[in-house]
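Asks: So the sequence lines, in the order shown, correspond to chains P and H.
Position 241 of the first sequence, counted from 1, bears residue number 241 in full-length UniProt numbering, the numbering being contiguous throughout.
Position 299 of the second sequence, counted from 1, bears residue number 299 in full-length UniProt numbering, the numbering being contiguous throughout.
There are 2 protein chains.
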Amino acid sequence: MEQSSQPSHTLSMIPGPIEIHDSVAQAMASPSVPHVAGPFVKVFSETLKMVRQVLDNAPGKGQPLILSGGGTVGWDVVAANLIQPSEKVLVLNIGYFSDGFADCLAAYGASVDHVRFELGVAPDVDRSLEALKASEYRAVIITHVDTSTGVLSPLKDLALAIRKASPNTLIVVDGVCSVAVEEIRFDAWDLDVVLTASQKGLGAPAGLSVIQLSDRAIAAFENRTAPVHAYYVSLAKWLPVMRSNEDGKPMYFSTQAVQNILALHASMKLILDQGIDKTFAAHIAGSNKAKAAVAKLGLKQIPAKAEDQAHGLTTIYLPNGLTGPDIIPKLAGKGVFLAGGLIKGIAANYIRLGHMGVSVSRYSYQLDTALKALEETLGESGQSSTSA
Amino acid sequence: MEQSSQPSHTLSMIPGPIEIHDSVAQAMASPSVPHVAGPFVKVFSETLKMVRQVLDNAPGKGQPLILSGGGTVGWDVVAANLIQPSEKVLVLNIGYFSDGFADCLAAYGASVDHVRFELGVAPDVDRSLEALKASEYRAVIITHVDTSTGVLSPLKDLALAIRKASPNTLIVVDGVCSVAVEEIRFDAWDLDVVLTASQKGLGAPAGLSVIQLSDRAIAAFENRTAPVHAYYVSLAKWLPVMRSNEDGKPMYFSTQAVQNILALHASMKLILDQGIDKTFAAHIAGSNKAKAAVAKLGLKQIPAKAEDQAHGLTTIYLPNGLTGPDIIPKLAGKGVFLAGGLIKGIAANYIRLGHMGVSVSRYSYQLDTALKALEETLGESGQSSTSA
Numbered sequence: 001m002e003q004s005s006q007p008s009h010t011l012s013m014i015p016g017p018i019e020i021h022d023s024v025a026q027a028m029a030s031p032s033v034p035h036v037a038g039p040f041v042k043v044f045s046e047t048l049k050m051v052r053q054v055l056d057n058a059p060g061k062g063q064p065l066i067l068s069g070g071g072t073v074g075w076d077v078v079a080a081n082l083i084q085p086s087e088k089v090l091v092l093n094i095g096y097f098s099d100g101f102a103d104c105l106a107a108y109g110a111s112v113d114h115v116r117f118e119l120g121v122a123p124d125v126d127r128s129l130e131a132l133k134a135s136e137y138r139a140v141i142i143t144h145v146d147t148s149t150g151v152l153s154p155l156k157d158l159a160l161a162i163r164k165a166s167p168n169t170l171i172v173v174d175g176v177c178s179v180a181v182e183e184i185r186f187d188a189w190d191l192d193v194v195l196t197a198s199q200k201g202l203g204a205p206a207g208l209s210v211i212q213l214s215d216r217a218i219a220a221f222e223n224r225t226a227p228v229h230a231y232y233v234s235l236a237k238w239l240p241v242m243r244s245n246e247d248g249k250p251m252y253f254s255t256q257a258v259q260n261i262l263a264l265h266a267s268m269k270l271i272l273d274q275g276i277d278k279t280f281a282a283h284i285a286g287s288n289k290a291k292a293a294v295a296k297l298g299l300k301q302i303p304a305k306a307e308d309q310a311h312g313l314t315t316i317y318l319p320n321g322l323t324g325p326d327i328i329p330k331l332a333g334k335g336v337f338l339a340g341g342l343i344k345g346i347a348a349n350y351i352r353l354g355h356m357g358v359s360v361s362r363y364s365y366q367l368d369t370a371l372k373a374l375e376e377t378l379g380e381s382g383q384s385s386t387s388a
Numbered sequence: 001m002e003q004s005s006q007p008s009h010t011l012s013m014i015p016g017p018i019e020i021h022d023s024v025a026q027a028m029a030s031p032s033v034p035h036v037a038g039p040f041v042k043v044f045s046e047t048l049k050m051v052r053q054v055l056d057n058a059p060g061k062g063q064p065l066i067l068s069g070g071g072t073v074g075w076d077v078v079a080a081n082l083i084q085p086s087e088k089v090l091v092l093n094i095g096y097f098s099d100g101f102a103d104c105l106a107a108y109g110a111s112v113d114h115v116r117f118e119l120g121v122a123p124d125v126d127r128s129l130e131a132l133k134a135s136e137y138r139a140v141i142i143t144h145v146d147t148s149t150g151v152l153s154p155l156k157d158l159a160l161a162i163r164k165a166s167p168n169t170l171i172v173v174d175g176v177c178s179v180a181v182e183e184i185r186f187d188a189w190d191l192d193v194v195l196t197a198s199q200k201g202l203g204a205p206a207g208l209s210v211i212q213l214s215d216r217a218i219a220a221f222e223n224r225t226a227p228v229h230a231y232y233v234s235l236a237k238w239l240p241v242m243r244s245n246e247d248g249k250p251m252y253f254s255t256q257a258v259q260n261i262l263a264l265h266a267s268m269k270l271i272l273d274q275g276i277d278k279t280f281a282a283h284i285a286g287s288n289k290a291k292a293a294v295a296k297l298g299l300k301q302i303p304a305k306a307e308d309q310a311h312g313l314t315t316i317y318l319p320n321g322l323t324g325p326d327i328i329p330k331l332a333g334k335g336v337f338l339a340g341g342l343i344k345g346i347a348a349n350y351i352r353l354g355h356m357g358v359s360v361s362r363y364s365y366q367l368d369t370a371l372k373a374l375e376e377t378l379g380e381s382g383q384s385s386t387s388a
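1. Are the CB atoms of P303(H) and V151(H) nearer to each other than 7 Å?
2. Less than 7 Å between CB atoms is the rule here; does H229(P) satisfy it with respect to chain H?
3. Which two residues bound the contiguous beta strand (DSSP E) that contains A139(P)?
4. Measuring CB to CB, does A139(P) end up less than 7 Å from C104(P)?
5. At the 7 Å Cβ level, is S267(H) part of the contact set with chain P, yes or no?
6. What three-state label does DSSP hand F117(P) in the structure shown?
7. Exposed or buried, P167(H), counting other C-beta atoms within 10 Å across all chains shown (16 or more means buried)?
8. Applying the criterion that 16 or more other CB atoms from any shown protein chain within 10 Å of the CB defines a buried residue, is Q366(P) buried or exposed?
9. CA-CA distance, A134(H) and D187(H)?
10. Please state whether the Cβ-Cβ distance between residue 391(P) and V181(P) is less than 7 Å.
11. Per DSSP, what are the beta-bridge partners of D146(H) in this structure?
12. Between which two residues does the beta strand (DSSP E) carrying S209(P) extend?
13. Just to check my reading of the structure: V145(H) and A310(H) have Cβ atoms closer than 8 Å, yes? What is that Cβ distance to the nearest angstrom?
14. Counting only Cβ-Cβ distances shorter than 7 Å, please list the residues of the segment 21-47 of chain H near chain P, keeping chain order.
15. On the DSSP bridge list, what partners appear for L92(P)?
16. Could you have a look at T386(P) and say whether DSSP puts it in helix, strand or coil?
17. Do A206(H) and Q199(H) have their CB atoms nearer than 7 Å?
18. What's the C-alpha gap between P123(P) and L129(P)?
19. So the candidates are N260(P), A348(P), N245(P) and L202(P); which of them puts its Cα closest to the Cα of S45(P)?
20. Using three-state DSSP, classify S381(P) as helix, strand or coil.
21. Report the partner residues of A197(P) according to the DSSP bridge assignment.
22. Locate the beta strand (DSSP E) running through Q259(P), then write down its first and last residues.
23. Which bits of chain P does W75(H) rub up against, with CB to CB less than 8 Å?
24. Is Y232(P) helix, strand or coil by DSSP?
25. What does a CB cutoff of less than 7 Å around A25(P) pick up in its chain, not counting 5 residues either side in sequence?
26. Alpha carbon to alpha carbon, how far is G70(P) from A315(P)? Give it in angstroms, no decimals.
27. Thinking A110(P) and A204(P) are a contact (beta carbons under 8 Å), I'd like their distance in whole angstroms, please.
28. Would A373(P) and T10(P) be called neighbours here (beta carbons separated by less than 7 Å)?
29. Based on the DSSP output, what are the partners of F186(P) in its beta bridges?
30. Are the C-beta of S359(P) and some C-beta of chain H separated by less than 7 Å?
31. What three-state label does DSSP hand P15(P) in the structure shown?
32. Could you tell me whether the Cβ of T323(H) comes closer than 7 Å to any Cβ of chain P?
33. For L65(H), I'd like the list of residues in its chain whose CB is within less than 6 Å of its CB, leaving aside the five on either flank, ordered along the chain.
34. Taking Cβ-Cβ distances below 8 Å as the criterion, which residues of the segment 95-126 of chain P are in contact with chain H?
35. Let me check one thing: in DSSP terms, what residues is D174(H) bridge-paired to?
36. Should A388(H) be flagged as near chain P, meaning a C-beta pair shorter than 7 Å?
Rendered as structure tokens:
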């Protein structure tokens, strides 16, 4: 196991931004290089190709995009370009981030329907197909992992069933908390959009929105008749820029975040050197360890069923009387940042432990540090279920 | 004079991304920290306050925003939030980037008029006021410096005259290539929007859009009746987040680019430690040196008149027969990246030398290196006007 040589710091064990590898930190500190200079374009081209590899998408099929911005930018790219005003979209809603994507779609004029699943419960294929029958949907939104609850959607089953039932509906995956953590086979599962952000499973600092489009998604954009009422997220601007840069030829629209892309390149190199299947396995192992530790403390997660539990984070209901605002500063005092809850009404009653990227692979001692801090803090509060 | 201790590299002497200071590179390599953790919120708060200082804007007046994204994001923030569909906007058009801002406004439904100034000529106050009379304009767009031509608009004169002639019109300044280079007095000149990007005069890597809004601009947003058809650039989302973070209280919409903000903090600290007036003076001195060297080589700039020439870059018409694509690789071979032209029809006939930030202040030897490389390259090409 490697040891980070970064300055000693409180570990970011939240569901993103996650801890970064030394080589990623070093790439962030790279000297300036013009966004259109040969040495950068070469790295940018490789980075775009690596996005395809991480998502199991073949060269020449569809197009990856890397934009400067938060993960949210991916929602805007979908809403502004792929859906025309009044077109119908179905959201398989599992919580906070499904609601967010829906709000974004509605802001651009889409007509949004929801199938709402109970708190902590993953989308059911049959209920999803039933809802799909209600209308001709331009797109279905699947939140692969909802970062607020730790619920994992059965992406493969949903995608294959939806494609069969409604061949022309775009299958749009919010993979913000799943890419490079949970298995995704972009081509084999016939997905149309997978969007994510740099600071989660991809293991780079925050600052990049990463989006993979299928040829079907690009055709939906090219065949739209309504004008796109957006500029920074316009695919008319970005598609030629990404194609050109992937092809090794500089092309400019809005200046890329050069150092962030160098860092993403370094991070994806680690992932692909390890192998994507081994990366998924490391997240399953880390997740199993975290969930076993939480069970041993007598604590429950928001998703009750094992198959509904994501592998990149664990949501932890606190024992009676304890709240996130009590516990989180104590954990920080022991060297680990955990995240509070996000779900209205119960936000104070649970915390979120992230275990993605280096914290379950090259620096897996970081997860052990977090679990030890959790056990000690609950013990000292005299509140863990085992001691209560 | 300080010496950079960054790895030896080809200097980025383009009008952004510019060279960075060692302390900025080190901040980019900071360990991960959650976007809502106390230590980061403290820095974010200070960074927002430093934006005010750089722009000479008093605390509590208006609101600065720092968003993850390219500088272009600032155009979208203006177009999506401050202008309602069909409202009229007047663009004082001096080139490529004025056209770009106008395209962005039109994409969101604004009705855009232009006063077009000749290539290389700054906006004339009288002609601008004349055009302003044609209609009730919601906003006037001033491209302070057009990065494609090196033309500098007389911002103070324009702003004071426009405010007098049309008190309710928003004065929107594209300061992408001017903030922390050219004098800007946000409050004293009664400006409504100044937008920029991190990788120019502010001296940080690319990846952040920086926007200062006046109370008048915020009121225009708050009083609009038409819905905002955008999400990532929505002021309804970002204003509370920025106010809260400036006030030291974490609040989340879309994850901030944490390391980029730490780097911007480091960079603005250098600027403010030096003093903003000394920073302007350093850019005037660097610009004078660059323009004298270009004149000595017998070469002309796009802006013919000295008062129309920006202080952060110099555009250089190449001697007969030489093109950017010939010269730029030779300059790179001598250790400096310069930028090609952007103006249709003459793009190959001129190059652009950037001289902003550390390259004219702490590491001012970098500008000397660039000027020497330029002189040598033109000499070796046997094409400089002095030898031709």
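Quick reminder that beta carbons are idealized off the backbone N, C-alpha and C, glycines included.
Replies: Based on what the coordinates show:
1. yes
2. yes
3. A139 to T143
4. no
5. no
6. coil
7. exposed
8. buried
9. 27 Å
10. A query on residue 391(P) cannot be resolved here, the shown segment of chain P reaching from 1 to 388 and no further.
11. V151(H)
12. L208 to L213
13. 4 Å
14. A25, Q26, M28, A29, P31, S32, V33, P34, H35 and A37
15. V115(P) and I142(P)
16. Unreliable placement is indicated for T386(P), whose pLDDT of 48 sits below 50; no coordinate value is reported for it.
17. yes
18. 10 Å
19. N245(P)
20. coil
21. S209(P)
22. That residue, Q259(P), is in no beta strand (DSSP E); its alpha helix (DSSP H) goes V258 to Q274.
23. Y231 and Y232
24. coil
25. Q6
26. The displayed chain sequence assigns Thr, not Ala, to residue 315(P). Taking the straight line joining both Cα atoms gives about 23 Å.
27. 30 Å between Cβ atoms; not a contact.
28. no
29. In the DSSP output, where bridge partners are listed per residue, F186(P) has none listed.
30. no
31. coil
32. no
33. I211, W238 and M242
34. D103, C104, A107, Y108 and G109
35. T143(H) and L195(H)
36. With a pLDDT of 37 at A388(H), under the threshold of 50, the modelled position of that residue is not reliable, and the figure given next carries that caveat. A388(H) does not count as touching chain P.
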